[in-house]
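In the working numbering, the protein residues as written are 13 to 302.
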């Protein structure tokens with residue numbers, strides 16, 4: 013089929029997004045997409061979702077002209093707070109006066125053409141593995157133009173690119189429609205669940221007694237005095253389990269398989285729980301040294 017392997021820099025040119033901050037955004041103006049929107053769950057990568065668009069003042073049309081995008085450009089986030097987000101991007105699938113915002117890199121095909129095929133390739137795990145092997149950083153990963161420039165692309169003839177894109181458009185649209193239906197059903201069941209709980213625990217008209225929280229138990233705070241490094245030192249012999257806030261946020265009952273680790277020095281005093289999970293104490297309540 014005459015497929016070729018090329019480096020990104022041989023197919024695309026690079027430019028930067030606007031040097032702005034969140035404070036520069038306005039309610040109405042010229043559309044802009046920054047790295048935060050690229051990392052959004054609403055971004056499917058292969059087209060612009062309207063929910064991703066923010067706005068900057070029209071004065072940037074003069075001062076930031078080089079950061080304006082064209083149809084078929086790509087916007088890559090140049091930072092990611094997690095490994096999975098390295099390589100996140102959005103494809104500009106329509107004619108739109110649109111700025112690339114802060115912490116973004118613009119990729120523009122040197123040969124103007126429909127780039128839907130590359131949009132799908134850029135969102136495949138196999139392709140992104142190349143980026144993840146070359147990113148820099150510990151807590152925040154940096155994806156630079158240099159990192160992207162030498163990443164490889166599989167480039168079939170344009171006729172094959174179109175066939176692949178058309179096929180994936182049809183299949184993914186069908187899947188997306190089913191996902192949307194399931195999400196609506198999920199939201200409906202969440203509403204029913206909340207209503208059921210509210211009705212069961214509402215004591216109105218049942219002669220129940222009302223008491224304050226402090227009258228039925230003792231309240232304790234969680235971890236204190238910890239830095240980010242205390243949660244990153246995986247090989248430290250003083251690591252102890254703790255309950256991440258996401259475990260509390262996502263569950264009615266603590267999930268013992270979703271615990272984290274934090275460094276606890278021998279002479280350190282924190283609050284700990286009174287329950288045991290998998291024979292290991294979890295930090296949160298009852299003041300004592302672990």
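Built from N, CA and C at the ideal position, the CB exists for glycine as well.
In whole angstroms, what separates the C-alpha of residue i from that of residue j?
{"i": "residue 59", "j": "residue 283", "result": "48 Å"}
{"i": "residue 143", "j": "residue 228", "result": "53 Å"}
{"i": "residue 67", "j": "residue 137", "result": "31 Å"}
{"i": "residue 84", "j": "residue 169", "result": "17 Å"}
{"i": "residue 236", "j": "residue 250", "result": "17 Å"}
{"i": "residue 278", "j": "residue 247", "result": "16 Å"}
{"i": "residue 209", "j": "residue 202", "result": "11 Å"}
{"i": "residue 98", "j": "residue 148", "result": "10 Å"}
{"i": "residue 129", "j": "residue 151", "result": "32 Å"}
{"i": "residue 120", "j": "residue 158", "result": "15 Å"}
{"i": "residue 269", "j": "residue 263", "result": "12 Å"}
{"i": "residue 30", "j": "residue 253", "result": "42 Å"}
{"i": "residue 126", "j": "residue 35", "result": "35 Å"}
{"i": "residue 17", "j": "residue 187", "result": "30 Å"}
{"i": "residue 296", "j": "residue 103", "result": "Any reading at residue 296 is ruled out, since the residue's pLDDT is 45, under 50, leaving its predicted position unreliable."}
{"i": "residue 28", "j": "residue 112", "result": "7 Å"}
Does the beta-carbon of residue i have 16 or more other beta-carbons within 10 angstroms, so that it is buried, or is it exposed?
{"i": "residue 200", "result": "exposed"}
{"i": "residue 134", "result": "buried"}
{"i": "residue 78", "result": "exposed"}
{"i": "residue 245", "result": "exposed"}
{"i": "residue 276", "result": "buried"}
{"i": "residue 292", "result": "For residue 292, the pLDDT reaches just 47, beneath the cut-off of 50, and the residue's location in the model is therefore unreliable, although a value from the coordinates is still provided. The residue in question, residue 292, is exposed, as its Cβ has fewer than 16 Cβ neighbours within 10 Å."}
{"i": "residue 76", "result": "buried"}
{"i": "residue 33", "result": "exposed"}
Residue i and residue j look like a contact to me (Cβ under 8 Å); what is the Cβ gap, rounded to whole Å?
{"i": "residue 108", "j": "residue 43", "result": "6 Å"}
{"i": "residue 89", "j": "residue 132", "result": "Not really, about 18 Å apart at Cβ, beyond 8 Å."}
{"i": "residue 49", "j": "residue 64", "result": "4 Å"}
{"i": "residue 271", "j": "residue 255", "result": "6 Å"}
{"i": "residue 26", "j": "residue 155", "result": "Residue 26 to residue 155, Cβ: 12 Å. No contact."}
Starting from residue i, follow the beta strand (DSSP E) in both directions and report where the run begins and ends.
{"i": "residue 5", "result": "Because the chain in this structure spans residues 13 to 302, residue 5 falls outside the shown range and cannot be described."}
{"i": "residue 121", "result": "116-121"}
{"i": "residue 88", "result": "86-89"}
{"i": "residue 24", "result": "24-28"}
For residue i, report the span of its alpha helix (DSSP H) as first-last.
{"i": "residue 48", "result": "47-50"}
For this session: Say whether the segment 14-21 touches the segment 153-166, bearing in mind that this needs 3 or more beta-carbon pairs closer than 8 Å, one atom from each stretch.
Result: With contact defined as three or more Cβ pairs closer than 8 Å, the segment 14-21 and the segment 153-166 are in contact.
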